[in-house]
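Colleague: Here UniProt numbering is used: the first residue of the sequence shown is 1, the next is one more, and so on. Sharing a structure here in structure tokens format.
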Amino acid sequence: ISRTLTKTEENYCTTEKELLAIVWAIGKLRNYIYGIADLTIHTDHQALIFSISDKNPNIKLKRWKHFIQESGAKIVYKPGNQNVVADALSRQKINTSTIESMHSTRSSPNENYTYAKQTINSFKNQIILKKTERNKKETQTTFPKYHRHIIEYQNTEYLTKTLKEIFTPNFNNAIKIDEQELFSIKSLLSKHFLNYKLFIAQNLVEDITDKNRQLEIITNTHNRAHRNEKNNAMEIRQQYFWPDMAKQIKNFARNCSNCYEQKYERRPTKQLIGRTPATNLPGESISMDIFHIGNRTYITSMCRYSKYLLMREIADKVNTVDKLEEILTLTYPYCRNLQTDNESIFTSISCLSLYRRLHITHNRTPTAHSTSNGSVERLHSTLIEIAATLAKQNNTDPVTEIFNAAYEYNRTIHSVTKQKPVEVFFNRKNYPEIKQLIEKNKDKVLEYHNKKRTQKVYEPKQIIYALSKRRTKTEQKYLKYIVIENREDTVLVERGGRQHVLHKDNIRNTPIEFNNKHKSI
Numbered sequence: 001i002s003r004t005l006t007k008t009e010e011n012y013c014t015t016e017k018e019l020l021a022i023v024w025a026i027g028k029l030r031n032y033i034y035g036i037a038d039l040t041i042h043t044d045h046q047a048l049i050f051s052i053s054d055k056n057p058n059i060k061l062k063r064w065k066h067f068i069q070e071s072g073a074k075i076v077y078k079p080g081n082q083n084v085v086a087d088a089l090s091r092q093k094i095n096t097s098t099i100e101s102m103h104s105t106r107s108s109p110n111e112n113y114t115y116a117k118q119t120i121n122s123f124k125n126q127i128i129l130k131k132t133e134r135n136k137k138e139t140q141t142t143f144p145k146y147h148r149h150i151i152e153y154q155n156t157e158y159l160t161k162t163l164k165e166i167f168t169p170n171f172n173n174a175i176k177i178d179e180q181e182l183f184s185i186k187s188l189l190s191k192h193f194l195n196y197k198l199f200i201a202q203n204l205v206e207d208i209t210d211k212n213r214q215l216e217i218i219t220n221t222h223n224r225a226h227r228n229e230k231n232n233a234m235e236i237r238q239q240y241f242w243p244d245m246a247k248q249i250k251n252f253a254r255n256c257s258n259c260y261e262q263k264y265e266r267r268p269t270k271q272l273i274g275r276t277p278a279t280n281l282p283g284e285s286i287s288m289d290i291f292h293i294g295n296r297t298y299i300t301s302m303c304r305y306s307k308y309l310l311m312r313e314i315a316d317k318v319n320t321v322d323k324l325e326e327i328l329t330l331t332y333p334y335c336r337n338l339q340t341d342n343e344s345i346f347t348s349i350s351c352l353s354l355y356r357r358l359h360i361t362h363n364r365t366p367t368a369h370s371t372s373n374g375s376v377e378r379l380h381s382t383l384i385e386i387a388a389t390l391a392k393q394n395n396t397d398p399v400t401e402i403f404n405a406a407y408e409y410n411r412t413i414h415s416v417t418k419q420k421p422v423e424v425f426f427n428r429k430n431y432p433e434i435k436q437l438i439e440k441n442k443d444k445v446l447e448y449h450n451k452k453r454t455q456k457v458y459e460p461k462q463i464i465y466a467l468s469k470r471r472t473k474t475e476q477k478y479l480k481y482i483v484i485e486n487r488e489d490t491v492l493v494e495r496g497g498r499q500h501v502l503h504k505d506n507i508r509n510t511p512i513e514f515n516n517k518h519k520s521i
């Protein structure tokens, strides 16, 4: 009988493990040893004898000792070299030839050959040995520079002579032979071919020479589950071989449009974060967004210079141009740059007309890329945190405390400007140190976040795949677009006759060979 140790038992010391084995065995064999008057347990762990003595104060060991005494057993020390019964049970005889065949690319110190994992087909010099009643050699050229020698031998003299003609020094020579026959020619290999590079490769698969058949095998294997090139290669190598198969499998997998549309990108490459334009005065550059909490909707705006926050509740997203005009004319009369996302409340014809009338440059962030308007997005998170803590403190709810959160935010020293936003915004003065602090913070943020980012460049007519805006786990994850124009952080693309602006972060990586193959689309 035997069992594995639990996670807790693995942490026991050796003595505790030895005693645990005795306790567990007595419990399991209780029905068989019940009534035995003179039960003796032999152990080769001498420290165990002291551990169960009365001098040891360990409570757990005392409890186990009491359990053993209840069965009437006594523990006796027996030296390890005499405890042959336990050794016979716990130490199995190892089949050397089996272990050798399992451990590939590992040579025995007494042998001059190595077991190989790969099939014999992948070696350029292949030798298949068969012990028969005749001496015969047949040579085949399976592929250019790939030679297979099938040798039937009756005696070792003929085998030695033939191998000397075939084996090439400083070249990988692969042998396929029955394990029993290999044992019989070990001395021959060691005596005559000691300095040769010999490999034992016991697997022989089908050679595929027809190009169409190769493509058919790759296609069927890949389309079975659309796995990556490594999985497909392992699957195919179990049954077939041809030169450059790994390259062909890789190219096929990397040119599968179905995979690009449906599978996740495991290691996406991020676009370098660009530097936002400098702002010189309070209220000159504004970031604006829609904020939802509970069943309420707000327009939030933040001055990029002072970090001042303004919130205005709106009933709905329809006909809000008057509210926007009120905010821009009364609170931000000096605004010359406004950044928003693509919400219809900010991009309607009436809103665009308002921006032109007020001489405001309107910048839209790319679709499905909230990081581009990150300053106001982070501010929303800060607002929710403050409102939640105030609600906990005042025994209310975050929706009720949201305006209090905005009030307290504006009157708290900002981590970047080192000033209170409300004081900077309403003083309407130029704070030279604030501009320096903002630019210094930009340098710090860009240096940190751009360490593992790269500048992506796309060519006109290049095919790209970008994240789908509407998707669930079962729907198409990426959509195919054609590049029209490459920009700094975005790309102007076309799909279905319509133009779109996509942020480069949302575009998945596609290899050059994919676009070379599909560029005519």
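We put the CB at the ideal spot given by N, CA and C, even for glycine.
1. Please report the straight-line C-alpha distance between Asn-203 and Thr-14, rounded to a whole angstrom.
2. Taking 8 angstroms as the limit between beta carbons, can you name the residues of its chain near Lys-7, skipping five residues before and five after?
3. Excluding the 5 residues preceding and the 5 following Lys-122 in the sequence, name in chain order all residues of the same chain whose CB lies nearer than 7 angstroms to its CB.
4. Excluding five sequence neighbours on each side, which residues of the same chain lie with their C-beta closer than 6 angstroms to the C-beta of Tyr-334?
5. Does Glu-265 come out as helix, strand or coil in the three-state DSSP assignment?
6. Could you say which of Ile-345, Lys-164, Lys-176, Glu-152 lies nearest to Gln-126 if we only look at CA atoms?
7. If we ignore side chains and look at the alpha-carbon of each, how far apart do Lys-456 and Ala-368 end up?
8. At 3 residues or longer, and completely inside the region 125-166: list those beta strand (DSSP E) runs for me, N to C.
9. Mapping DSSP to helix, strand and coil, what is Ala-37?
10. Assuming Ile-75 and Ile-41 are in contact, meaning their beta carbons sit under 8 angstroms apart, how far apart are those beta carbons, in whole angstroms?
11. Which full runs of the beta strand (DSSP E) of 3+ residues lie inside the region 453-503, going along the chain?
12. Indicate the three-state DSSP secondary structure (helix, strand or coil) for Val-424 in the structure shown.
13. Cα separation between Ala-388 and Leu-379?
14. Enumerate in chain order the residues of its own chain whose CB-to-CB distance from Lys-93 is below 8 angstroms, with the five nearest sequence positions on each side excluded.
15. What beta strand (DSSP E) runs, 3 residues minimum, are completely inside the region 295-352?
16. Less than 8 angstroms between the beta carbons of Asp-341 and Asp-289, yes or no?
17. Tell me whether Phe-167 is buried or exposed, calling it buried when 16 or more other Cβ atoms sit within 10 Å of its Cβ.
18. Note down, in chain order, each residue of its chain lying with its Cβ closer than 6 angstroms to the Cβ of His-449, except the 5 sequence neighbours on either side.
19. Pick helix, strand or coil for Thr-8, following the three-state DSSP scheme.
20. Would you kindly report the start and end of the unbroken alpha helix (DSSP H) that includes Tyr-409?
21. Using the Cβ count rule (16 or more neighbours within 10 Å means buried), how would you classify Pro-511?
Modeller: The relevant details are as follows:
1. By one-based count along the sequence shown, residue 203 stands at place 203. By one-based count along the sequence shown, residue 14 stands at place 14. Taking the straight line joining both Cα atoms gives about 44 angstroms.
2. Start at 1 with the first residue of the sequence shown, and residue 7 comes out as number 7. Here the set comprises nothing.
3. Within the sequence shown, the letter at position 122 stands for residue 122. Note that residue 122 corresponds to Ser in the displayed sequence, not to Lys. Here the set comprises Phe-241.
4. Position 334 of the sequence shown, counted from the first residue, corresponds to residue 334. If we look at Tyr-334 and ignore the five residues flanking it on each side, its Cβ neighbours are Gly-283, Glu-284.
5. For the purposes of this step, residue 265 is taken as the residue at position 265 of the sequence shown. Glu-265 falls in the coil class under three-state DSSP.
6. Mapped onto the sequence shown, residue 126 falls at position 126. Considering only alpha carbons, the answer is Lys-176.
7. In the sequence shown, the residue the question calls residue 456 occupies position 456. In the sequence shown, the residue the question calls residue 368 occupies position 368. Each residue's Cα considered, the two are about 18 angstroms apart.
8. 125-131, 136-143, 146-153
9. Mapped onto the sequence shown, residue 37 falls at position 37. Reduced to three states, the DSSP call for Ala-37 is coil.
10. As a first step, residue 75 is located in the sequence shown; it is residue number 75 there, counting from the start. As a first step, residue 41 is located in the sequence shown; it is residue number 41 there, counting from the start. Sure, about 5 angstroms apart at Cβ, within 8 angstroms.
11. 463-467, 478-486, 490-495, 498-503
12. As a position in the sequence shown, residue 424 is number 424, starting the count at 1. The answer is helix: DSSP assigns Val-424 an H, G or I state.
13. Translated into positions along the sequence shown, residue 388 becomes position 388. Translated into positions along the sequence shown, residue 379 becomes position 379. Their backbone Cα atoms lie some 14 angstroms apart in a straight line.
14. On the sequence shown, residue 93 is found 93 positions in, with the first residue counted as 1. Caution is warranted here: a pLDDT of 46 is assigned to Lys-93, below 50, making its placement in the model unreliable, and no coordinate value can be reported.
15. 296-303, 309-314, 337-340
16. On the sequence shown, position 341 is the one that residue 341 refers to. On the sequence shown, position 289 is the one that residue 289 refers to. For Asp-341 and Asp-289, yes; Cβs fall inside 8 angstroms.
17. Taking the sequence shown and counting its residues from 1, one reaches residue 167 at position 167. Classification for Phe-167: buried.
18. Taking the sequence shown and counting its residues from 1, one reaches residue 449 at position 449. Taken in chain order, the residues that qualify are Ile-273.
19. Here the question's residue 8 lines up with position 8 in the sequence shown. Three-state result, Thr-8: helix.
20. Counting from one through the sequence shown, the residue named residue 409 turns up at place 409. Counting along the chain, the alpha helix (DSSP H) containing Tyr-409 begins and ends at 398-410.
21. For the purposes of this step, residue 511 is identified with residue 511 of the sequence shown, where counting begins at 1. The residue is exposed, with fewer than 16 neighbouring Cβ atoms inside 10 Å.
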